[in-house]
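Asks:
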Amino acid sequence: MRKQYLESAGVFLKAVEINPKSATSFYYLGFDFYNLGDKYNKAARTATKEALSMAPGSLQVLMLMGKIERRDSNFADAETHYLLAKKLSASKVPEIHKELAQLYANDMKKYGEAAAELELYLKTSGATGEDEKKTKKLIADLRAKSKPSN
């Protein structure tokens, strides 16, 4: 799989040389670098910032930038990108709520906000059965963690 991302990055590097005004090419270049791992995060950030400058309202670009920021432990910046994606989305996108919930619970220790995002995730994802049950349990656990201890 890694080899495919490396090959794909090579193709998109050529694409941005040919058309340096293609937000799509920069996005996919950033996506490929992101998927190659931590070692390529700086390159992912550079390409994705370029895509963001050309397509500031793109949910995909905002989500990728949030993931890059989160990987670099820039949690406030990740939150900013995810919240902007959430604000700009015409319809509710489950992935945005999932990413925000993970950021809030795992990185920022904002358990109440994480629970609220997971509730929105449940509503928008159509999760049923075991997935729904596990998510509801996680929401309850997060709500319990968010209450001040006596």
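In the numbering used here, the protein residues as written are 13 to 162. Using N, Cα and C, we set each Cβ at its ideal position, and we do this for glycine too.
(1) In whole angstroms, what separates the C-alpha of Asn118 from that of Phe24?
(2) Where does Gly138 land, buried or exposed, given buried means 16+ other C-beta within 10 angstroms?
(3) Give the DSSP-derived three-state secondary structure of Gly69 in the structure shown.
(4) Kindly indicate the opening and closing residues of the alpha helix (DSSP H) around Pro160.
(5) Do the CB positions of Tyr39 and Leu95 come within less than 8 Å of each other?
(6) Suppose contacts are defined by Cβ-Cβ distances below 8 Å. Is Glu129 in contact with Leu150 by that definition?
(7) Are His93 and Gly69 touching if we call contact CB-CB under 8 Å?
(8) Whole-angstrom Cβ separation of Ala102 and Tyr116, contact assumed at under 8 Å?
(9) Rounded to whole angstroms, what is the Cα-Cα separation between Ala59 and Glu19?
(10) Exposed or buried, Ala88, counting other C-beta atoms within 10 Å across all chains shown (16 or more means buried)?
(11) From this set, Gln114, Asp84, Ala67, which residue's C-alpha is nearest Leu100's C-alpha?
Replies: Taking the coordinates as given:
(1) By one-based count along the sequence shown, residue 118 stands at place 106. By one-based count along the sequence shown, residue 24 stands at place 12. For Asn118 and Phe24, the distance between alpha carbons rounds to 33 Å.
(2) By 1-based counting over the sequence shown, the position of residue 138 is 126. Exposed.
(3) Within the sequence shown, residue 69 is the residue found at index 57, counting from 1. Gly69 falls in the coil class under three-state DSSP.
(4) What you label residue 160 is simply residue 148 of the sequence shown in a count that begins at 1. No residue range can be given for Pro160, since it is assigned to no alpha helix (DSSP H) and is classified by DSSP as neither H nor E.
(5) As a first step, residue 39 must be located in the sequence shown, where it is residue number 27. As a first step, residue 95 must be located in the sequence shown, where it is residue number 83. Their beta carbons are not under 8 Å apart, which means Tyr39 does not touch Leu95 by this criterion.
(6) Residue numbering aside, residue 129 sits at position 117 when the sequence shown is read from its first letter. Residue numbering aside, residue 150 sits at position 138 when the sequence shown is read from its first letter. Their beta carbons are not under 8 Å apart, which means Glu129 does not touch Leu150 by this criterion.
(7) Here the question's residue 93 lines up with position 81 in the sequence shown. Here the question's residue 69 lines up with position 57 in the sequence shown. The Cβ atoms of His93 and Gly69 do not sit closer than 8 Å to each other.
(8) If you number the sequence shown from 1, residue 102 lands on position 90. If you number the sequence shown from 1, residue 116 lands on position 104. 23 Å between Cβ atoms; not a contact.
(9) On the sequence shown, residue 59 is found 47 positions in, with the first residue counted as 1. On the sequence shown, residue 19 is found 7 positions in, with the first residue counted as 1. Their backbone Cα atoms lie some 16 Å apart in a straight line.
(10) Along the sequence shown, read from residue 1 onward, the residue named residue 88 stands at position 76. Classification of Ala88: exposed, given that the 10 Å Cβ count is below 16.
(11) The residue labelled residue 100 in the question sits at position 88 within the sequence shown. That would be Ala67, whose Cα lies nearest to the Cα of Leu100.
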